[in-house]
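What follows is one structure encoded as structure tokens, with my remarks underneath.
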Ligand SMILES: [Zn+2]
């Protein structure tokens with residue numbers, strides 16, 4: 060399975076000659092019947108991509124031609140791989156993603172949960188990340204904590220894969236027990252047992268708080284006996300309680316991994332749907348009040364570039380054109396030929412919903428895809444909730460000004476002073 064760091068690496072990858080190949084393989088059901096269809100689909104997609112490469116390489120120099128040959132090799136390898144995937148046994152349980160750019164020595168293969176929209180192949184400047192963004196959902200990491208009177212277990216749920224972190228609670232729990240009860244020898248046995256359970260809950264709560272602070276997980280789900288729920292939650296740090304998205308009854312010693320995953324996925328799906336609705340309502344109402352919300356492609360792009368976006372909402376089938384600067388990467392909703400930020404030439408971006416994903420992933424923006432919402436449709440199917448709003452009607456100039464101010468402040472802090480009439484080289488960040 061893919062990690063957030065790996066997704067980040069993909070998001071940052073760029074091949075200026077547009078030879079970055081992304082391939083998503085979704086096994087279809089029923090398996091035996093669909094084998095042929097999937098094989099044909101991959102072949103068709105690869106053939107289409109090759110035709111496009113050939114068309115582009117016609118007016119390119121020999122270096123470009125070499126690059127296209129390399130891309131052709133990637134496509135051949137992908138076709139072979141899809142052939143292997145279809146003929147191997149056990150196919151159907153996982154989807155697969157491949158990201159390749161052999162002229163840059165790049166080849167990555169990942170297994171994904173078999174929940175992709177379909178098999179896809181694309182060659183572009185950047186890797187295609189929308190299918191992964193869909194799977195990631197609105198947040199990257201979910202912890203499932205199972206607790207009983209004496210024990211605790213932690214599972215991670217990521218992209219449909221549930222893994223247990225063995226011994227996660229162990230060190231703290233042992234320490235808690237030994238130093239907390241050394242002096243209670245004379246006490247009543249029953250009372251001592253009750254104290255020990257409370258102490259255990261406290262220690263678990265402490266570990267959960269630490270784990271959230273360290274980013275081990277961002278949201279979590281509690282699994283325990285119904286009768287223990289209230290006691291456990293009474294010990295939670297407010298910060299940890301806020302991030303608890305649901306609970307389910309379970310016997311820590313007997314529960315199966317499949318059961319934990321099903322419960323967690325059910326709770327997560329419900330939470331995500333609710334959270335998406337809330338975020339949408341809040342964003343639209345903030346936008347109407349001209350406060351911490353913006354709607355429409357132009358304003359959302361500006362807010363993204365200024366680093367103001369906390370939550371991004373995109374229509375499920377949102378599609379729009381834009382241009383991207385070949386120099387600084389600035390995205391503009393106006394189809395201008397030259398970048399308003401740095402003056403260099405721009406190029407057309409066919410699908411802006413795809414082009415903004417690297418920004419979203421790099422900046423850890425919460426992302427929701429909104430399905431058929433008439434109110435959202437009215438505002439253009441794209442909106443963002445902001446962390447803050449730096450200025451009303453912020454525009455490119457103000458973004459530039461801000462980065463200049465940042466440079467000046469930083470130089471001041473570091474003791475660099477610009478000479479009058481000349482620019483100190485160190486001023487340029
Ligand atoms: Zn630019």
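In this note's numbering, the protein residues as written are 60 to 488. Just so you know, even glycine gets a beta-carbon here, dropped at the ideal spot from N, CA and C.
Fill in: Alpha-carbon spacing of residue 295 relative to residue 279, whole angstroms
Sequence index remark: in the chain shown, residue 295 carries index 236 (1-based). Sequence index remark: in the chain shown, residue 279 carries index 220 (1-based). Cα to Cα, residue 295 sits roughly 12 Å from residue 279.
Notebook entry, point to check: Buried or exposed: residue 327, going by 16 or more other Cβ atoms within 10 Å of its Cβ?
Noted result: Within the chain shown, residue 327 is the residue found at index 268, counting from 1. The residue is buried, with at least 16 neighbouring Cβ atoms inside 10 Å.
Residue 459 by DSSP, collapsed to three states: which one?
In the chain shown, residue 459 corresponds to position 400, counting from 1. Residue confidence is low: residue 459 scores 44 on pLDDT, short of 50, so the model does not pin down where it sits. Its coordinate-derived value is still stated next. It is helical.
Fill in: residue 275 - containing beta strand (DSSP E), residue span
Here the question's residue 275 lines up with position 216 in the chain shown. Residue 275 -> no beta strand (DSSP E), and no H or E assigned at all.
Any idea if residue 340 is buried or exposed, counting beta-carbon neighbours within 10 angstroms, 16 or more meaning buried? Looking up residue 340 in the chain shown gives position 281. Label assigned to residue 340: exposed.
Q) Per DSSP, what kind of secondary structure is residue 263 in: helix, strand or coil? A) Sequence index remark: in the chain shown, residue 263 carries index 204 (1-based). Note: residue 263 maps to helix in three-state DSSP.
Quiz prompt | Cut-off 8 Å between Cβ atoms - residues of its own chain near residue 437, not counting five sequence neighbours on either side | solution = Taking the first residue of the chain shown as 1, we reach residue 437 at position 378. Within the same chain, residue 437 has no close Cβ partners at all.
Assigned secondary structure, residue 325 (DSSP; H/G/I helix, E/B strand, else coil):
What you label residue 325 is simply residue 266 of the chain shown in a count that begins at 1. It is helical.
Q. Going straight from the alpha carbon of residue 77 to that of residue 144, what length do you get?
A. Working through the chain shown from its first residue, we reach residue 77 at position 18. Working through the chain shown from its first residue, we reach residue 144 at position 85. Each residue's Cα considered, the two are about 26 Å apart.
**OP:** Answer yes or no: do residue 171 and residue 194 have a C-beta to C-beta separation smaller than 9 Å?
**Re:** On the chain shown, residue 171 is found 112 positions in, with the first residue counted as 1. On the chain shown, residue 194 is found 135 positions in, with the first residue counted as 1. Cβ atoms of residue 171 and residue 194: closer than 9 Å.
* Asked: With burial defined as no fewer than 16 other Cβ atoms inside 10 Å of the residue's Cβ, what is the status of residue 134: buried or exposed?
  -> Start at 1 with the first residue of the chain shown, and residue 134 comes out as number 75. Buried, because 16 or more other Cβ atoms sit within 10 Å of the Cβ of residue 134.
**Prompt:** The beta strand (DSSP E) spanning residue 447 covers which residue range?
**Reply:** Here residue 447 refers to the residue found at position 388 when the chain shown is read from its first residue. Here residue 447 belongs to no beta strand (DSSP E), and DSSP marks it neither H nor E.
* **Shell residues, 6 Å Cβ cut-off relative to heavy atoms of ligand 1** => 384, 386, 387, 389, 398, 400, 401 and 403
* Span separating the alpha-carbon of residue 165 from that of residue 116 -> For the purposes of this step, residue 165 is taken as the residue at position 106 of the chain shown. For the purposes of this step, residue 116 is taken as the residue at position 57 of the chain shown. Straight-line Cα distance between these residues: approximately 21 Å.
- Item | Residue burial classification, residue 397 (beta-carbon count within 10 angstroms, cutoff 16) | Your numbering for residue 397 matches position 338 in the chain shown. Answer is exposed; the Cβ neighbour count stays below 16.
Beta bridge counterpart(s) of residue 84 as assigned by DSSP = Reading the chain shown from its first residue, position 25 is the one you call residue 84. Answer is 155.
Item to check | C-beta atoms of residue 287 and residue 204 nearer than 9 Å | outcome: Counted from its first residue, the chain shown places residue 287 at position 228. Counted from its first residue, the chain shown places residue 204 at position 145. Taking 9 Å as the Cβ cut-off, residue 287 and residue 204 do not qualify as a contacting pair.
Q. Could you check where the beta strand (DSSP E) with residue 308 kicks off and where it finishes?
A. Mapped onto the chain shown, residue 308 falls at position 249. Element bounds for residue 308: 303 to 308.
Quiz item: When you compare only the Cα positions, how much space is there between residue 138 and residue 101?
Solution: Within the chain shown, residue 138 is the residue found at index 79, counting from 1. Within the chain shown, residue 101 is the residue found at index 42, counting from 1. Going by the C-alpha atoms only, they are around 7 Å apart.
At the level of alpha carbons, what is the spacing between residue 421 and residue 67? Mapped onto the chain shown, residue 421 falls at position 362. Mapped onto the chain shown, residue 67 falls at position 8. For residue 421 and residue 67, the distance between alpha carbons rounds to 6 Å.
inquiry  = Rounded to whole angstroms, what is the Cα-Cα separation between residue 317 and residue 221?
reply    = Locating residue 317 in the chain shown gives position 258, where the first residue counts as 1. Locating residue 221 in the chain shown gives position 162, where the first residue counts as 1. Roughly 9 Å between the two C-alpha positions.
*asked:* Judging by CA-CA distance, which residue of 314, 298, 255 and 303 is the nearest neighbour of residue 284?
replied: For the purposes of this step, residue 284 is identified with residue 225 of the chain shown, where counting begins at 1. Nearest option by C-alpha distance: 314.
Subject >> Cβ-based neighbour list, residue 409, same chain, cut-off 8 Å, excluding 5 preceding and 5 following >> reply: In the chain shown, counting from the first residue as 1, residue 409 sits at position 350. Cβ neighbours of residue 409 beyond the five flanking positions: 380.
key: Among 249, 431, 430 and 413, the one whose alpha carbon lies nearest that of residue 69   = Here residue 69 corresponds to residue number 10 of the chain shown, with the count starting at 1. The residue with the shortest Cα to Cα distance from residue 69 is 413.
Is the number of C-beta pairs between the region 252 to 259 and the region 170 to 187 that are closer than 8 Å three or more? no
Give every residue of the same chain whose Cβ lies closer than 7 Å to the Cβ of residue 290, excluding the five residues on either side of it in the sequence, and list them in chain order. Numbered from 1 along the chain shown, position 231 holds the residue referred to as residue 290. Result list for residue 290: 260, in chain order.
Just how far apart, CA to CA, sit residue 311 and residue 154? The residue given as residue 311 occupies position 252 in the chain shown. The residue given as residue 154 occupies position 95 in the chain shown. Their backbone Cα atoms lie some 31 Å apart in a straight line.
Are the CB atoms of residue 374 and residue 441 nearer to each other than 9 Å? As a first step, residue 374 must be located in the chain shown, where it is residue number 315. As a first step, residue 441 must be located in the chain shown, where it is residue number 382. Going by C-beta atoms, residue 374 is nearer than 9 Å to residue 441.
Quiz item: Which residues does DSSP pair with residue 279 in a beta bridge?
Solution: Mapped onto the chain shown, residue 279 falls at position 220. According to DSSP, residue 279 bridges with 202 and 303.
Looking only at its chain, what residues have a beta carbon closer than 6 Å to the beta carbon of residue 212, apart from the 5 residues adjacent to it on each side? Numbered from 1 along the chain shown, position 153 holds the residue referred to as residue 212. Excluding sequence neighbours, residue 212 sits near 205.
Can you tell me where the beta strand (DSSP E) holding residue 183 begins and where it ends? Position 124 of the chain shown, counted from the first residue, corresponds to residue 183. Where residue 183 is concerned, the enclosing beta strand (DSSP E) stretches over 179 to 183.
* The alpha helix (DSSP H) with residue 314 in it runs from where to where? -> Your numbering for residue 314 matches position 255 in the chain shown. It is not in any alpha helix (DSSP H) - residue 314 carries neither H nor E in the DSSP assignment.
Requested in this report: Would you kindly check if the distance between the Cβ of residue 448 and the Cβ of residue 338 is under 9 Å?
Outcome: If you number the chain shown from 1, residue 338 lands on position 279. If you number the chain shown from 1, residue 448 lands on position 389. Contact: no.
Along the chain, where does the alpha helix (DSSP H) containing residue 433 start, and where does it finish?
Walking along the chain shown from the start, residue 433 turns up at place 374. Note, residue 433: alpha helix (DSSP H), 433 to 437.
* Give the single residue among 107, 110, 84 and 109 whose Cα lies nearest to the Cα of residue 98. => Here residue 98 corresponds to residue number 39 of the chain shown, with the count starting at 1. Of 107, 110, 84 and 109, the residue nearest in Cα terms is 84.
How would you call residue 411, buried or exposed, if buried means at least 16 neighbouring beta carbons within 10 angstroms? Locating residue 411 in the chain shown gives position 352, counting from the first residue. Answer is buried; the Cβ neighbour count reaches 16.
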